[in-house]
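Chemist: Have a look at the structure that comes next, please.
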Amino acid sequence: MTLKAFRSACLDFVANPFYVPESRSVRYIADALLVLEDGKVKELGDYAQLKDSYPEIAIESYPNYLLLPGFIDIHIHFPQTEMIAAYGAQLLEWLEKYTFPTERQFKDKSYADTIAPLFVDELLRNGTTTAVVLAAVFPESAEALFEECDRRNMRMIIGKVMMDRNAPDFLRDTAESSYADSKALIEKWHNKGRALYAVTPRFAPTSTPEQLTYAGQLLAEFPDVYLHTHLSENVNEIAWVKELFPENQTYLDVYDQFGLVRERSIFAHCIHLNSAEFERLAAAKSTIAFCPTSNTFLGSGLFDIERTIEQNVKIGLATDVGGGTSFSMLKTASEAYKIAQLKQQKLSPFQAIYLATLGGAKSLCLDDRIGSFEVGKEADFILVDPRSTNIMALRNPETVPTSLEELSDRLFSLIIMGDDRAIHSTYILGELAHRRS
Ligand code: GUN
Ligand code: ZN
């Protein structure tokens, strides 16, 4: 049995601040003691009250930092790491011109092996401890990332992309091979250590009905795996789906017809949904991945967060690198705030941090394991430095906030100005996994 303890200001959530007032959804302890046992949360409380219960533990103290649960990025592309920030195109042209040629390289396992640690390092540097990741079409690329995340003990959801049409020859599988390769990966990796699998048809235009049938079959055979794809991102994409699947009423119907719309299904973007689609996602308990930096970068449109919340659709926050422009969930939250502003909507600092932590965990049905400091949860957490740059130090006094109002103001400046420099350290199961140099 290993006991560890960390003393700092600490913030997490005990309810959803989109529906429950902040006074009852935010848990903030200005001088907290977080006690871990064997990589799980044993206790969290006021330092003054808890310290005498653990006279034998050496306590690590971080007086001017903030302890937060690790960030959860619910949609990101591993083989697009090196093509982040590709100029001048919207979705379909961007895929052809930049994405497909880059993803081609991941057929080579040794190449995927060289990028996997860089990708994971970048997540950890930015405080992200769990991500839902698309690998390339090649099973080797998923294998490389599963291996790397297994070495780091990370709770990650990964899937090999399925795509058997409307892509270059070098990037296509077949309906049958995608089924067999996905099944083999599920059998090898799903629930191995902390790894989980997502069946990952890229999006409707790059899968034949046969392939989508196989995707549905995998979900029927392995009901607790995830389904991960894109939905309703770009108007030309939507028009193309209409041409390819003329018999379906909506884009979501295409997926629904093959049994892909259910709990543990994650649909990235969802910018241009109609009412029926929102209602269906809510009824199915499916999840939307809101990818703000990607949506502005690719000119896809402005996501409607207010409507998503009103219609009770599950939602998490995501970077969507390389369509997205940063691995930082702080920068992602900042862009989410700006999109809300452009739509005359609100996204409070607590709501944004909720989406990046407990909200993300709930959107993945993982809130029994990660996302907050509830007793028994896996201890993936970060220490945040709200004074990490000169201008942030000027903006934020050295004193620890004592009220929710003060904390909210500090958090907002952290979201708007913060990046990887604000992540002092990242812990996986209570073990240090990254420390800012
Ligand atoms: N739709 C299908 N593939 C992709 C992709 O790689 N990135 C984004 N943003 N949208 C997609
Ligand atoms: Zn994407």
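Here the working numbering is used: the first residue of the sequence shown is 1098, the next is one more, and so on.
No residue lacks a Cβ here, since even glycine has one placed at the ideal position from N, Cα and C.
With a threshold of 7 angstroms (Cβ to nearest heavy atom), would residue 1365 be considered close to ligand 2?
Modeler: Working through the sequence shown from its first residue, we reach residue 1365 at position 268. Yes; taking the cut-off as 7 angstroms, the Cβ of residue 1365 has a heavy atom of ligand 2 nearer than that.
Chemist: Could you work out which residue in 1193, 1210, 1219, 1294 is closest to residue 1532 when comparing CA atoms only?
Modeler: Here residue 1532 is taken as the residue at index 435 of the sequence shown, counted from 1. Ranking the options by Cα distance to residue 1532, first place goes to 1219.
Chemist: Give the range of the beta strand (DSSP E) segment to which residue 1246 is assigned.
Modeler: For the purposes of this step, residue 1246 is taken as the residue at position 149 of the sequence shown. Residue 1246 -> not in any beta strand (DSSP E); alpha helix (DSSP H) instead, spanning 1236–1248.
Chemist: How close, in whole Å, do the beta carbons of residue 1123 and residue 1447 come, if the pair is a contact with beta carbons under 8 angstroms?
Modeler: Here residue 1123 is taken as the residue at index 26 of the sequence shown, counted from 1. Here residue 1447 is taken as the residue at index 350 of the sequence shown, counted from 1. Residue 1123 to residue 1447, Cβ: 6 angstroms. Contact.
Chemist: Would you mind stating whether residue 1410 and residue 1387 have Cβ atoms separated by less than 8 angstroms?
Modeler: As a working mapping, residue 1410 is identified with position 313 in the sequence shown. As a working mapping, residue 1387 is identified with position 290 in the sequence shown. Contact: no.
Chemist: Compare the C-alpha of residue 1106 against each of 1185, 1513, 1165, 1119 and name the closest.
Modeler: Here residue 1106 corresponds to residue number 9 of the sequence shown, with the count starting at 1. With distances taken between Cα atoms, residue 1106 lies closest to 1165.
Chemist: Please report the distance separating the alpha-carbon of residue 1266 from that of residue 1201.
Modeler: Residue 1266 sits at position 169 when you count from the first residue of the sequence shown. Residue 1201 sits at position 104 when you count from the first residue of the sequence shown. Between residue 1266 and residue 1201, the C-alpha separation is close to 10 angstroms.
Chemist: Please report how far the alpha carbon of residue 1346 lies from the alpha carbon of residue 1457, in whole angstroms.
Modeler: If you number the sequence shown from 1, residue 1346 lands on position 249. If you number the sequence shown from 1, residue 1457 lands on position 360. C-alpha separation (whole angstroms): 30 angstroms.
Chemist: Within the present structure, is the beta-carbon of residue 1196 separated from the nearest heavy atom of ligand 1 by less than 7 angstroms?
Modeler: Locating residue 1196 in the sequence shown gives position 99, where the first residue counts as 1. True, at least one ligand heavy atom lies under 7 angstroms from that Cβ.
Chemist: In the stretch 1297–1353, which residue ranges form an unbroken alpha helix (DSSP H) of at least 4 residues, counting only runs that do not cross its ends?
Modeler: Complete alpha helix (DSSP H) runs here, min 4: 1306–1318, 1332–1341.
Chemist: Quick check for students: name the residue ranges of the beta strand (DSSP E) that lie wholly in the stretch 1361–1449, counting only runs of 3 or more.
Modeler: Correct list: 1362–1366, 1384–1387, 1411–1414.
Chemist: How about residue 1420: is its Cβ closer than 7 angstroms to a heavy atom in ligand 2?
Modeler: Along the sequence shown, one-based indexing puts residue 1420 at 323. Checking the Cβ of residue 1420 against ligand 2 gives yes.
Chemist: Looking only at its chain, what residues have a beta carbon closer than 6 angstroms to the beta carbon of residue 1485, apart from the 5 residues adjacent to it on each side?
Modeler: By one-based count along the sequence shown, residue 1485 stands at place 388. Closer than 6 angstroms at Cβ, skipping near neighbours: 1518, 1519.
Chemist: Could you compute how far the alpha carbon of residue 1449 sits from the alpha carbon of residue 1415?
Modeler: Locating residue 1449 in the sequence shown gives position 352, counting from the first residue. Locating residue 1415 in the sequence shown gives position 318, counting from the first residue. If you take the alpha carbons of residue 1449 and residue 1415, they lie about 12 angstroms apart.
Chemist: Tell me, please, which residues DSSP counts as bridged to residue 1225.
Modeler: Within the sequence shown, residue 1225 is the residue found at index 128, counting from 1. BP columns for residue 1225 point to 1168.
Chemist: Relative to the alpha-carbon of residue 1521, which residue among 1169, 1114, 1223 has its alpha-carbon at the smallest distance?
Modeler: Residue numbering aside, residue 1521 sits at position 424 when the sequence shown is read from its first letter. When only C-alpha atoms are compared, the closest one is 1223.
Chemist: Let me know the secondary structure DSSP gives residue 1513 once reduced to three states.
Modeler: As a working mapping, residue 1513 is identified with position 416 in the sequence shown. Helix, per DSSP.
Chemist: Step through the CB atoms of chain C and report whether any lies within less than 8 angstroms of the CB of residue 1232.
Modeler: No chain C is part of this structure, which consists of one protein chain only.
Chemist: For residue 1325, is the beta carbon positioned less than 7 angstroms from some heavy atom of ligand 2?
Modeler: The residue labelled residue 1325 in the question sits at position 228 within the sequence shown. Result no, Cβ not under 7 angstroms from ligand 2.
Chemist: Assign residue 1363 to one of two classes, buried (16 or more other C-beta atoms within 10 Å of its C-beta) or exposed (fewer than that).
Modeler: Residue 1363 sits at position 266 when you count from the first residue of the sequence shown. Under this definition residue 1363 is a buried residue.
Chemist: Can you name, in chain order, every residue of its own chain whose Cβ lies under 7 angstroms from the Cβ of residue 1241, other than the five neighbours on each side?
Modeler: Here residue 1241 corresponds to residue number 144 of the sequence shown, with the count starting at 1. Closer than 7 angstroms at the Cβ level, and outside the excluded window around residue 1241, lie 1206, 1209, 1210, 1213.
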